[in-house]
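In what follows, a structure is listed as structure tokens, so that the remarks can point back to it.
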Amino acid sequence: MTESNALENITSKVGEREFTLERVFDAPRELVFKAFTEPEHVSRWWAPEPFTIPVCNIDLRPGGIWHYCMESPEGNRHWSRAVYQEIVKPERIVYTGGFADEKANPVAGQPEHLATVTFTEQERKTKLTVQIAFGSAEELKTTLKMGMKEGLSMTINGLAELLEELQTA
Numbered sequence: 000m001t002e003s004n005a006l007e008n009i010t011s012k013v014g015e016r017e018f019t020l021e022r023v024f025d026a027p028r029e030l031v032f033k034a035f036t037e038p039e040h041v042s043r044w045w046a047p048e049p050f051t052i053p054v055c056n057i058d059l060r061p062g063g064i065w066h067y068c069m070e071s072p073e074g075n076r077h078w079s080r081a082v083y084q085e086i087v088k089p090e091r092i093v094y095t096g097g098f099a100d101e102k103a104n105p106v107a108g109q110p111e112h113l114a115t116v117t118f119t120e121q122e123r124k125t126k127l128t129v130q131i132a133f134g135s136a137e138e139l140k141t142t143l144k145m146g147m148k149e150g151l152s153m154t155i156n157g158l159a160e161l162l163e164e165l166q167t168a
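Anchor point for the sequence shown: position 92 equals 91 in numbering that gives the first Met the number 0, and the numbering is continuous, going up by one each time.
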């Protein structure tokens with residue numbers, strides 16, 4: 000199934016064990032990559048509204064960990080971590096991700112996903128493709144029910160706002 004949200008310029012597709020989101024940004028690929036990999040930028044756009052990212056640590060190298068905390072307006076904290084598998088600047092990032100504790104330890108019994116993020120140049124613009132793959136169709140179904148696809152769509156729209164701000168600064 001493929002759907003497009005014209006207002007937010009995001010195209011999504013759901014497969015048997017994965018979903019994919021795409022959006023084209025009016026920004027150079029190097030800037031989009033930088034906004035996706037530097038903690039001072041990621042902490043400004045990664046969380047869906049109205050959540051914030053009070054903690055964001057990125058060790059951008061294969062085997063390095065991206066550890067962050069999403070905080071609700073009520074103060075509830077949700078920790079996650081990703082372990083980078085592959086980084087090809089400014090073209091591609093591959094990582095495994097899932098829930099964690101405040102010390103970046105994975106939460107037992109929670110599914111992990113494999114994320115592949117590609118940054119493709121398109122006539123002075125950048126097409127961002129985020130594919131999130133799970134070990135089973137059931138894990139995908141559970142994650143979709145939790146709202147991960149909608150939350151990630153919101154964060155990608157936040158990235159668009161940040162990129163516009165960075166280019167006019």
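For glycine and all other residues, C-beta sits at the position ideal for the given N, C-alpha and C.
Which residue's Cα is closest to the Cα of T117: P89, P49 and G62? Ranking P89, P49 and G62 by Cα distance to T117 puts P89 first.
Just the Cα atoms here: how many angstroms apart are F50 and L59? For F50 and L59, the gap between their C-alpha atoms comes out near 24 angstroms.
What residue range does the beta strand (DSSP E) around G97 cover? That run of the beta strand (DSSP E) goes R91 to F98.
Which runs of the alpha helix (DSSP H) at least 4 residues long sit entirely within the region 6–51? Give them in chain order. Fully enclosed alpha helix (DSSP H) runs of 4 or longer: 28–36 and 38–44.
Alpha-carbon spacing of A81 relative to W65, whole angstroms: Going from the Cα of A81 to the Cα of W65 covers about 5 angstroms.
What's the C-alpha gap between P47 and D25? Roughly 21 angstroms separates the two Cα atoms.
E73 to P53, Cα distance in whole Å? Annotation: E73 to P53 spans about 13 angstroms, alpha carbon to alpha carbon.
Could you have a look at S152 and say whether DSSP puts it in helix, strand or coil? If DSSP states are grouped into helix, strand and coil, S152 belongs with the helices.
How should R123 be labelled, buried or exposed, when 16 other C-beta atoms within 10 angstroms of its C-beta is the threshold for buried? Counting C-beta atoms within 10 angstroms of its own C-beta, R123 has fewer than 16 neighbours from the protein chains shown and is therefore classed as exposed.
Enumerate in chain order the residues of its own chain whose CB-to-CB distance from F32 is below 6 angstroms, with the five nearest sequence positions on each side excluded. P89 and F118, listed in sequence order.
Could you tell me which uninterrupted alpha helix (DSSP H) segments, each at least 4 residues in length, are contained entirely in the region 109–146, listed from first to last along the chain? Counting only runs of at least 4 residues, the region 109–146 fully encloses the following alpha helix (DSSP H) elements, listed from N- to C-terminal order: 136–145.
Could you pull the start and end residues of the beta strand (DSSP E) that R76 belongs to? Counting along the chain, the beta strand (DSSP E) containing R76 begins and ends at R76 to V87.
Who are V54's beta bridge partners in DSSP? Answer is C68.
Measure the alpha-carbon distance for I57 versus F98 and round it to whole angstroms. Those two C-alpha atoms are separated by around 16 angstroms.
Of the residues V93, W78 and S135, which one's Cα is nearest the Cα of N104? Looking at the Cα atoms, W78 is the closest of the given residues.
C-beta atoms of Q130 and E17 nearer than 7 angstroms: A distance below 7 angstroms separates the beta carbons of Q130 and E17.
If you check the beta carbons only, do W45 and T154 fall under 7 angstroms apart? For W45 and T154, yes; Cβs fall inside 7 angstroms.
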